[in-house]
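Peer 1: Could you have a look at this structure, given as structure tokens, before my questions?
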Amino acid sequence: MLQGVTFDYSTTLSRLVHPTITIRQKKAITNKCDGITIQAYDKKAEIENKSNKQYILDYYDNPKHLYRLEVRLHYQELKDYFAHQYIVLTSEVVLDGDLLTDMFLYHLGAVVRFTRGRRKILWQDLIGCNVMG
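In my numbering, each number is its position in the sequence shown, counted from 1, plus 198.
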């Protein structure tokens, strides 16, 4: 098992039905209030089993599969990101879709990295997304 990576499953009788994968940045392993945490899970199963969020399935036209990849940040990560990008935090900034996408990919890349030889492979390249930065 990799340090900082956990696999959790739903608490149904079929224990291995709905896995949740959690990846924590090194400093988040010992203190969950520090660092970045990435979590991937079956959002459709969550909605169908215990959530009152049918509107999400309706929004995506009731897909056969719906997964979620979350990047959980704390204040210090946000503060550092905005300083690094020379951005002043305003209410308009948090509504900027391109900025939110860039922030998501930036922090995701801080925890989960890919390389080919010595070349760094960006998440933007993997998913075909053009964003700032």
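By construction, the Cβ of each residue, glycine as well, lies at the ideal position given by its N, Cα and C atoms. None of the values given here were measured: they were computed from a predicted structure.
1) Between the alpha carbons of residue 316 and residue 235, how many angstroms are there, rounded?
2) If you drop the 5 nearest sequence neighbours on each side, which residues of the same chain put their C-beta closer than 6 Å to that of residue 312?
3) Going by the DSSP bridge assignment, what does residue 269 pair with across the sheet?
4) Can you find the residues in the same chain that come closer than 7 Å, C-beta to C-beta, to residue 310, ignoring five residues on each side of it along the sequence?
5) Just grab the DSSP bridge partners of residue 245 for me.
6) Using CA atoms only, rank isn't needed, just tell me which of 287, 225, 268, 270 is closest to residue 277.
7) Write down the C-beta distance between residue 254 and residue 238 rounded to the nearest angstrom, noting that I regard them as a contact closer than 8 Å.
8) Got a sec, what are the start and stop residues for the alpha helix (DSSP H) residue 227 sits in?
Peer 2: The answer reads as follows:
1) 25 Å
2) 319
3) 236.
4) Its chain contains 221, 236 as the residues whose beta carbon lies nearer than 7 Å to that of residue 310, once the 5 sequence neighbours on both sides are disregarded; these appear in chain order.
5) Looking at the DSSP output, residue 245 shares a beta bridge with no other residue.
6) Residue 287 is the option with its Cα nearest to residue 277.
7) Rounded, the Cβ-Cβ distance is 16 Å, inconsistent with contact.
8) 224-228
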